[in-house]
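Residue numbers (my numbering), protein chains in the order written: chain B, 775 to 991; chain D, 150 to 376.
Everything on this sheet refers to the single structure shown next.
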């Protein structure tokens, strides 16, 4: 008799909320930003002040939404995740050198992506603030702010395309999207891609902490 | 997590943050040092992507639409003979061509822009400014955008009223049908979608000047640059 594959809880609701707040804001900001940046798009859309307002208010809404998630969400799980992203063990370092090595819940590339995303978020806000305020007070107009904002966009855009490829297109990895939409992934897939994490989970299981308990947090 | 783990995450985060924040100071000079390399890259990018290095700024909701049947270039104010030129008459005036760099006060530049148009000497010869005229007030179809140049500035050898960019008629985002080109000053002095030139005794306050930008917008020597 075929049994349904076992599911492992991978991302908490709070983690997923942070991800989707960030993702939706990024897409609106990228879309509106390109409409301000590319002459051909700017001409097609035309209504520059409106696009500019969308861009700026989305940035504000994004920051507020992130703050709300932190205030109302499961802060413990966020701290745990931050700690996890911070630490790179020998297997992670081997993985980054393109050697096969068992990975935890997040592989080294995912950790690095999270670090870059977080740092870029801060840099986008700071350079964006100077672009916005410099227009109102010329003493705060830093010529480099535009340059840096642009380059952050170029790099983010490339990372974004890679991220979409791995979660939507590439057959071996696209199951991971499930973790971000439903919170769980199938055990077999997890064993192949995040072997060390599955090990840890089963040890917890023996220690009376069921992996499904995490899914309710 | 085993004991051999290292806090690379926070190091990378702080490193990126430090590099990014200080780049507000060094990105400008670095961009100038690497300009020979990056300009080739951006030249390539300009051929592949619809970027072209230009950013189109407007101050109102939408870009003015040029209709050849109703558009006129009026030259008036302190002149002996007020003039009203059709688009065809403007194009029939002695044609000048130049290649010059374009600098925006917000920090971006476009190198080697190929303009064609009319020198102000030829335009002013038609209207014959009075001796009391000292400056030209440029009025855009995009209201309330105005700016000005002194007569001395407008008569510099590389200043023109352009009606062509890179070999074709000025497009709508670039200020069709005609725009002021003043390469030695930041782009906000180059009024786009021009419809009226007014000879005046004193330079009036332009749109951006009213918001704190300098009247004489010399590239590298105004608006906080080079000071």
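Every residue gets a Cβ at the ideal spot worked out from N, C-alpha and C, and that includes glycine.
Predicted, not measured: the structure shown is a model, and the values here were computed from it.
Residue 897/B: contacting residues in chain D (beta-carbon distance under 8 Å) = If you number the first chain from 1, residue 897/B lands on position 123. Ordered by position in chain D, the residues that pass the 8 Å Cβ test against residue 897/B are 165, 166, 169, 170.
inquiry  = Under 7 Å, CB to CB, which of the residues in the stretch 226-258 of chain D have a partner in chain B?
reply    = So the list reads 255, 256, 257, given in the order they occur along the chain.
query = Quick one: what does DSSP say residue 872/B is sitting in, helix, strand or coil?
reply = Taking the first residue of the first chain as position 1, residue 872/B is located at position 98. In this structure, DSSP gives residue 872/B a state outside helix and strand, which the three-state scheme calls coil.
task = Determine whether the Cβ of residue 842/B lies closer than 8 Å to any Cβ atom of chain D.
result = As a first step, residue 842/B is located in the first chain; it is residue number 68 there, counting from the start. Any Cβ of chain D closer than 8 Å to the Cβ of residue 842/B would place that residue at the interface, and such an atom is absent.
inquiry  = Can you give me the C-alpha to C-alpha distance between residue 220/D and residue 174/D, rounded to a whole angstrom?
reply    = To locate residue 220/D, count along the second chain from 1; it is residue 71. To locate residue 174/D, count along the second chain from 1; it is residue 25. Distance between residue 220/D and residue 174/D, taken at the CA atoms: about 45 Å.
key: Candidates 264/D, 254/D, 178/D, of which the one nearest residue 317/D by Cα   = Translated into positions along the second chain, residue 317/D becomes position 168. The shortest Cα separation from residue 317/D among 264/D, 254/D, 178/D belongs to 264/D.
inquiry  = Between which two residues does the alpha helix (DSSP H) holding residue 271/D run?
reply    = For the purposes of this step, residue 271/D is identified with residue 122 of the second chain, where counting begins at 1. It spans 269-276 - the alpha helix (DSSP H) in which residue 271/D sits, taken as one unbroken run.
ask   = Helix, strand or coil for residue 365/D per DSSP?
value = Stepping through the second chain from its first residue, residue 365/D is reached at position 216. Three-state result, residue 365/D: coil.
task = Verify whether the separation of the beta carbon atoms of residue 921/B and residue 180/D is less than 8 Å.
result = For the purposes of this step, residue 921/B is taken as residue 147 along the first chain, with counting starting at 1. For the purposes of this step, residue 180/D is taken as residue 31 along the second chain, with counting starting at 1. Between residue 921/B and residue 180/D, the C-beta gap is smaller than 8 Å, which places the two residues in contact.
Residue nearest to residue 156/D in terms of C-alpha spacing, selected from 866/B, 929/B, 910/B = Start at 1 with the first residue of the second chain, and residue 156/D comes out as number 7. Across the set 866/B, 929/B, 910/B, the C-alpha of 866/B shows the shortest separation from the C-alpha of residue 156/D.
query = Does residue 162/D get closer than 8 Å to chain B when you measure Cβ to Cβ?
reply = Residue 162/D sits at position 13 when you count from the first residue of the second chain. True, the Cβ-Cβ gap to chain B drops below 8 Å.
query = Is residue 282/D near residue 350/D, with beta carbons less than 8 Å apart?
reply = Sequence index remark: in the second chain, residue 282/D carries index 133 (1-based). Sequence index remark: in the second chain, residue 350/D carries index 201 (1-based). Against a cut-off of 8 Å, the Cβ pair of residue 350/D and residue 282/D comes out as a contact.
key: Residue of 160/D, 158/D, 168/D minimising C-alpha distance to residue 926/B   = Position 152 of the first chain holds residue 926/B. Comparing C-alpha distances from residue 926/B to each of 160/D, 158/D, 168/D shows the shortest one belongs to 168/D.
key: Closer than 9 Å at the beta carbon, the chain D residues around residue 890/B   = Taking the first chain and counting its residues from 1, one reaches residue 890/B at position 116. Simply 161, 162, 165.
inquiry  = Does residue 836/B come out as helix, strand or coil in the three-state DSSP assignment?
reply    = In the first chain, the residue the question calls residue 836/B occupies position 62. Helix.
Residues within the stretch 358-374 of chain D neighbouring chain B, beta-carbon criterion of under 7 Å = Answer in chain order: 361, 362, 372, 373.
message = Quick check on DSSP: helix, strand or coil for residue 281/D?
response = Along the second chain, one-based indexing puts residue 281/D at 132. Coil, per DSSP.
query = Between residue 917/B and chain D, is there a C-beta pair that is closer than 8 Å?
reply = Taking the first residue of the first chain as position 1, residue 917/B is located at position 143. Yes, because at least one Cβ of chain D sits closer than 8 Å to the Cβ of residue 917/B.
query = residue 224/D bridges to which residues according to DSSP?
reply = Residue mapping note: residue 224/D aligns to position 75 of the second chain, counting from 1. Paired residue(s): 232/D, 346/D.
ask   = Does DSSP classify residue 299/D as helix, strand or coil?
value = If you number the second chain from 1, residue 299/D lands on position 150. Annotated three-state conformation of residue 299/D is strand, per DSSP.
task = Report the partner residues of residue 783/B according to the DSSP bridge assignment.
result = The sequence position of residue 783/B within the first chain is 9, counting from 1. According to DSSP, which records beta bridges pairwise, residue 783/B is partnered with 958/B.
key: Where the stretch 833-866 of chain B meets chain D: residues whose CB sits under 9 Å from a CB there   = Those would be 856, 857, 858, 859, 860, 861, 862, 863, 864, 865, 866, in chain order.
request  = Identify the continuous alpha helix (DSSP H) that holds residue 884/B and give its terminal residues.
outcome  = Counting from one through the first chain, the residue named residue 884/B turns up at place 110. For residue 884/B, the uninterrupted alpha helix (DSSP H) segment begins and ends at 882-908.
task = State the Cα-Cα distance for the pair residue 901/B and residue 277/D, rounded to the nearest angstrom.
result = Numbered from its first residue, the first chain carries residue 901/B at position 127. Numbered from its first residue, the second chain carries residue 277/D at position 128. Taken atom to atom, the span from the alpha-carbon of residue 901/B to that of residue 277/D is near 48 Å.
ask   = DSSP on residue 327/D, reduced to helix/strand/coil?
value = Against the second chain, residue 327/D aligns to sequence position 178. Coil, per DSSP.
request  = Specify the secondary structure class of residue 854/B as computed by DSSP and reduced to three states.
outcome  = Along the first chain, one-based indexing puts residue 854/B at 80. Here DSSP, grouped into helix, strand and coil, assigns residue 854/B to helix.
task = Please report how far the alpha carbon of residue 228/D lies from the alpha carbon of residue 205/D, in whole angstroms.
result = Counted from its first residue, the second chain places residue 228/D at position 79. Counted from its first residue, the second chain places residue 205/D at position 56. One C-alpha to the other measures close to 33 Å.
key: Extent of the continuous alpha helix (DSSP H) run through residue 182/D   = In the second chain, residue 182/D corresponds to position 33, counting from 1. Element bounds for residue 182/D: 157-182.
task = Assign residue 357/D to one of three DSSP states: helix, strand, or coil.
result = Here residue 357/D is taken as the residue at index 208 of the second chain, counted from 1. Residue 357/D: coil per DSSP, three-state reduction.
query = Does DSSP classify residue 246/D as helix, strand or coil?
reply = Sequence index remark: in the second chain, residue 246/D carries index 97 (1-based). Here residue 246/D sits in strand by DSSP.
key: Beta-carbon spacing of residue 843/B, residue 788/B below 8 Å   = One-based indexing of the first chain puts residue 843/B at position 69. One-based indexing of the first chain puts residue 788/B at position 14. A contact, by the Cβ cut-off of 8 Å.
inquiry  = Run through chain B and tell me which residues come within less than 7 Å of residue 354/D, C-beta to C-beta.
reply    = By 1-based counting over the second chain, the position of residue 354/D is 205. What residue 354/D touches in chain B: nothing, since even the nearest Cβ is about 15 Å away.
query = In chain B, what lies closer than 7 Å to residue 207/D by C-beta?
reply = Working through the second chain from its first residue, we reach residue 207/D at position 58. Residues of chain B passing the Cβ test: 822.
inquiry  = Tell me the DSSP secondary structure of residue 829/B in three-state form.
reply    = On the first chain, residue 829/B is found 55 positions in, with the first residue counted as 1. Note: residue 829/B maps to helix in three-state DSSP.
ask   = Do the stretch 250-267 of chain D and the stretch 910-920 of chain B meet, that is, are 3 or more Cβ pairs less than 8 Å apart?
value = Taking a cut-off of 8 Å for Cβ pairs, the stretch 250-267 of chain D and the stretch 910-920 of chain B touch, as three or more such pairs fall below it.
inquiry  = Applying the 10 Å Cβ sphere with the 16-neighbour rule, what's the burial state of residue 930/B?
reply    = Counting from 1 along the first chain, the entry for residue 930/B is found at position 156. Its Cβ being crowded by 16 or more others within 10 Å, residue 930/B is buried.
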